[in-house]
Amino acid sequence: MVTQTLGEFRIDRVVESEGAFAPASMLMPGFDPAVLAAAQADDWLRPQFLTADDSLVMSFQSFVIRTGRLTVLVDGCVGNDKERPNRESWHRRQSSAYLDQLAALGLSPADIDVVLCTHLHADHVGWNTVLRDGRWVPTFPRARYLFSRAEYEFWERAHREALATGGPATNHGSFADSVLPVMEAGRAELVGAGHDVCAGLRIDAAPGHTPGNSVIAVQSGGKRALLTGDVIHTPVQIALPQWSSRFCEDAAQSAECREGLLNHACDSGTLLFASHFPSPTSGVVESAAGGRMRFRCVGC
Ligand SMILES: [Zn+2]
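Residue 111 in my numbering sits at position 111 of the sequence shown; the count goes up by one each step and never skips.
Here you go:
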């Protein structure tokens with residue numbers, strides 16, 4: 001993705017990893033190749049988003065929005081040094097690529113004014129913190145971290161229950177190592193739905209994937225963009241919005257949210273930035289044959 005410009009705002013991405021991720025049927029239990037083939041006459045999803053053997057091509061990435069006054073980082077990927085024994089590719093990662101890409105945008109961690117997390121899953125909060133002298137500390141030392149209150153309270157309760165019952169660590173341990181330390185450092189603010197970060201930048205509720213799941217609405221210079229987090233994991237769900245991921249807390253609510261968002265965005269020119277869409281990532285939703293929708297990349 002080349003830098004996308006909306007009025008005074010510019011949006012870039014920082015990619016932590018990208019490639020064939022997993023079988024589509026692993027992410028979406030309802031996946032059916034025959035249904036998918038019938039839903040998109042020209043097979044527009046392959047090979048860019050779906051391999052010949054039905055694996056999803058996905059990216060793990062953050063977005064950087066520069067408003068002219070604020071530099072805002074949206075979602076923190078997996079992070080380095082995190083103990084994720086149940087996810088081999090996330091376990092004790094050691095890569096300079098993420099901060100190097102930030103530097104290539106002319107930014108150091110201290111330049112980030114605001115960190116937003118669309119939700120608090122492990123692949124969206126990792127770079128919230130770094131390990132320093134055996135302690136997890138905020139990566140972005142000057143930033144205000146804005147978390148949805150509903151989202152934080154849901155996972156905080158789950159975390160307390162897991163501690164009390166000896167259950168598995170909440171979100172692979174990411175609540176303890178990538179969210180709580182930010183709160184304890186006094187850098188976090190809990191906000192409600194419809195929170196304006198600044199003029200032209202708003203956090204909107206998009207529940208289903210998680211109870212406090214959010215999208216980030218951007219508007220500047222007469223142009224609109226939507227950072228959709230995990231409301232849509234893959235463009236396959238633009239062809240078939242009813243296929244929720246197995247990581248959705250409420251699959252039916254997630255599908256309803258996705259369908260509403262896509263119908264609203266379709267043919268509107270709204271630029272979508274989804275957390276897991278592979279390069280070039282940004283694009284628009286357009287109507288397609290048979291009452292379907294499709295994705296068209298912008299900024300290739
Ligand atoms: Zn995710």
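For glycine and all other residues, C-beta sits at the position ideal for the given N, C-alpha and C.
Fair warning: this is a prediction, and the values are worked out from it, not measured in the lab.
Close Cβ partners of residue i (< 7 Å) along its chain, the five nearest in sequence each way excluded
i: P33; result: D54
i: I238; result: I232, L262, V285, M293, R294 and F295
i: A143; result: I112, D113, V114, V115 and R187
i: D267; result: E286 and S287
i: N171; result: L120, H121, A122 and W155
i: E8; result: T67, G68, S220 and G221
i: P207; result: N213, Q253 and C257
Residue i, buried or exposed, once every other Cβ within 10 Å from all chains shown has been counted against 16
i: A52; result: exposed
i: Q94; result: exposed
i: N213; result: buried
i: P141; result: exposed
i: I69; result: Going by the sequence as given, residue 69 is Arg instead of Ile. It counts as exposed.
i: E184; result: exposed
i: L163; result: exposed
i: T210; result: buried
i: L177; result: The sequence given here has Asp at residue 177, not Leu. D177 is buried by the Cβ-count criterion.
i: P138; result: buried
i: H264; result: exposed
i: V236; result: buried
i: E16; result: buried
i: A97; result: exposed
i: R66; result: buried
i: A169; result: buried
i: Q151; result: It should be pointed out that residue 151 corresponds to Glu in this sequence rather than to Gln. Counting Cβ neighbours within 10 Å, E151 comes out buried, since at least 16 surround it.
i: T234; result: buried
i: A255; result: buried
i: L131; result: exposed
Close beta carbons around residue i, own chain, < 6 Å, minus the five adjacent residues each side
i: F273; result: F63, L227 and S282
i: G200; result: Q219 and S220
i: T3; result: R10 and D12
i: E18; result: S59 and P278
i: G368; result: Past the boundaries of the shown model lies residue 368; the chain is included only from 1 to 300, so the question cannot be answered.
i: L73; result: S62, V64, I112 and V115
i: N128; result: G76, S178 and V182
i: W136; result: T129, D177 and P181
i: A193; result: A205
i: V79; result: Here residue 79 turns out to be Gly, not Val, going by the sequence shown. Result list for G79: G126 and W127, in chain order.
i: A38; result: none
i: A41; result: A289
Spatial neighbours of residue i in its chain, beta-carbon cut-off 8 Å, leaving aside the 5 residues before and after
i: L102; result: V14, V64, S108 and P109
i: G269; result: K223, R224 and V284
i: V191; result: L146, F147, S148, R149 and I203
i: E259; result: P241 and Q242
i: G173; result: K82, E83, R84 and A122
i: H124; result: D75, G76, C77, C117, T118, G229, D230 and S275
i: V35; result: L240
i: L99; result: P109
Coarse secondary structure for residue i, derived from DSSP in three states
i: P138; result: strand
i: L65; result: According to the sequence shown, residue 65 is Ile rather than Leu. Looking at I65 - three-state DSSP - the assignment turns out to be strand.
i: H276; result: coil
i: R157; result: helix
i: A17; result: First, the residue type needs correcting, since residue 17 is Ser and not Ala in the sequence shown. In the structure shown, S17 sits in a strand (DSSP, three-state: E or B).
i: P164; result: Reading the sequence as shown, one finds Ala at residue 164 and not Pro. If DSSP states are grouped into helix, strand and coil, A164 belongs with the helices.
i: P23; result: strand
i: R46; result: coil
i: S282; result: coil
i: F175; result: helix
i: V182; result: helix
i: T3; result: coil
i: E8; result: coil
i: L36; result: helix
i: A288; result: strand
i: A150; result: helix
i: P125; result: Checking the displayed sequence, the identity of residue 125 turns out to be Val instead of Pro. Looking at V125 - three-state DSSP - the assignment turns out to be helix.
i: T270; result: coil
C-beta neighbour in chain C for residue i, strict 7 Å
i: E161; result: Protein chains in the displayed structure number just one, and chain C is not present.
beta-carbon residue i near ligand 2 non-hydrogen atom, thresh 6 Å
i: S17; result: By its list of ligands, the structure shown excludes ligand 2, since it contains just ligand 1.
Subject >> Quiz: which residues have CB nearer than 5 Å to ligand 1 non-hydrogen atoms >> reply: D123 and D230
Subject >> Length at least 3, wholly inside the stretch 200 to 227: the beta strand (DSSP E) runs in chain order >> reply: 201 to 205 and 214 to 220
Original post:
Which residue spans inside the stretch 76 to 123 form an unbroken beta strand (DSSP E) run of at least 3?
Top reply: 114 to 116
Subject >> Every unbroken alpha helix (DSSP H) within the stretch 226 to 268, with a cutoff of 4 residues, ordered by chain >> reply: 236 to 239 and 251 to 265
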